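Chemist:
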Amino acid sequence: NAGVTQTPKFQVLKTGQSMTLQCAQDMNHEYMSWYRQDPGMGLRLIHYSVGAGITDQGEVPNGYNVSRSTTEDFPLRLLSAAPSQTSVYFCASSSPGRGLETQYFGPGTRLLVL
Amino acid sequence: GDSVTQMEGPVTLSEEAFLTINCTYTATGYPSLFWYVQYPGEGLQLLLKATKADDKGSNKGFEATYRKETTSFHLEKGSVQVSDSAVYFCALRSASGGSYIPTFGRGTSLIVHP
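Going line by line, the protein sequences match chains A and B. Residue numbering for the first sequence follows the numbering used here, starting at 2 and increasing by one per position. Residue numbering for the second sequence follows the numbering used here, starting at 12 and increasing by one per position.
(1) So with Cβ pairs under 8 Å, would you call PHE11/A a contact of chain B?
(2) Mapping DSSP to helix, strand and coil, what is GLY100/A?
(3) Output the distance between the C-alpha atoms of ARG45/A and GLU27/B, rounded to the nearest integer angstrom.
(4) Please confirm if the region 17-35 of chain B is in contact with the region 91-111 of chain A, defined as three or more CB-CB distances below 8 Å between the two stretches.
(5) Applying the criterion that 16 or more other CB atoms from any shown protein chain within 10 Å of the CB defines a buried residue, is GLY109/A buried or exposed?
(6) Relative to the C-alpha of PRO62/A, which residue among THR72/A, GLN86/A and ALA53/A is closest?
(7) Do LYS79/B and ALA64/B count as a contact pair if the criterion is CB distance below 8 Å?
(8) When you compare the CB of TYR65/A with every CB in chain B, is at least one pair closer than 8 Å?
(9) I'd like to know whether the C-beta of TYR49/A is nearer than 8 Å to at least one C-beta of chain B.
(10) Determine, for GLY17/A, whether the minimum Cβ-Cβ distance to residues of chain B falls below 8 Å.
(11) Using only the alpha-carbon positions, how far apart do GLN38/A and GLU53/B sit?
(12) Which stretch, first to last residue, makes up the beta strand (DSSP E) that contains ILE55/A?
(13) Thinking C-beta only, is SER19/A closer than 8 Å to LEU79/A?
(14) Over the uninterrupted beta strand (DSSP E) stretch that includes GLU19/B, give me the two end residues.
So this is what it looks like as structure tokens:
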């Protein structure tokens with residue numbers, strides 16, 4: 002199993018540009034989520050999905066869109082990039098179960114918005 | 012709502028020193044508790060977990076005990092190595108509300124010198 006994969010590893014954007022961060026998992030996990038990691042702020046949840054066709058907002062959803070058309074993929078779209086979106090983005094997946102679930106994280110995408 | 016509070020870092024130790032990273036939480040019911048580790052340039056990975064009161068999670072020489080009475084899950088290691096240098100995140104997954112998305116602390120950076 003490849004686990005959770007993310008592409009690209011690194012991206013530079015200009016303010017106002019749009020792009021999609023890709024995330025895929027091959028573990029047949031129902032739950033997928035996107036986080037951003039900023040210095041001193043820890044991990045903040047952007048959006049999450051509890052299954053194909055179902056998404057919901059997290060703590061910091063503004064400026065981001067998601068969709069979940071398949072169990073495997075959960076892309077994150079930046080509609081109009083802003084310098085405040087410079088961050089490291091992590092995708093994670095898990096399978097629910099009382100007290101047994103573990104979040105599996107991808108390697109991250111480093112995004113720089115100029 | 013649920014929350015996790017970790018001691019601020021960085022924590023700087025010499026090799027073979029004793030490590031404690033404090034973590035306290037606020038949640039309803041009996042959440043599951045986790046410690047994740049993030050090595051430089053990588054995503055987070057599960058280090059250990061505990062699912063009920065008085066459980067002890069352990070892995071790679073690290074231990075943490077689920078203390079319901081003090082709402083704590085402190086991470087300890089008897090003798091740290093340079094290779095333990097990383098960022099450590101405490102997290103909880105609430106037992107109520109049906110959500111399987113965990114709540115993370117802000118992370119504590121550990122630096123171990125030879």
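Glycine residues also receive a C-beta, built at the ideal position from the N, C-alpha and C atoms. Keep in mind that this is a model prediction, so the values were computed, not measured.
Modeler: Let me spell this out:
(1) no
(2) Residue placement at GLY100/A is poorly supported in this model, since its pLDDT is 49, which falls under 50; the coordinates are not used for a value here.
(3) 33 Å
(4) no
(5) buried
(6) GLN86/A
(7) yes
(8) no
(9) yes
(10) no
(11) 12 Å
(12) 55-58
(13) yes
(14) GLU19/B -> no beta strand (DSSP E), and no H or E assigned at all.
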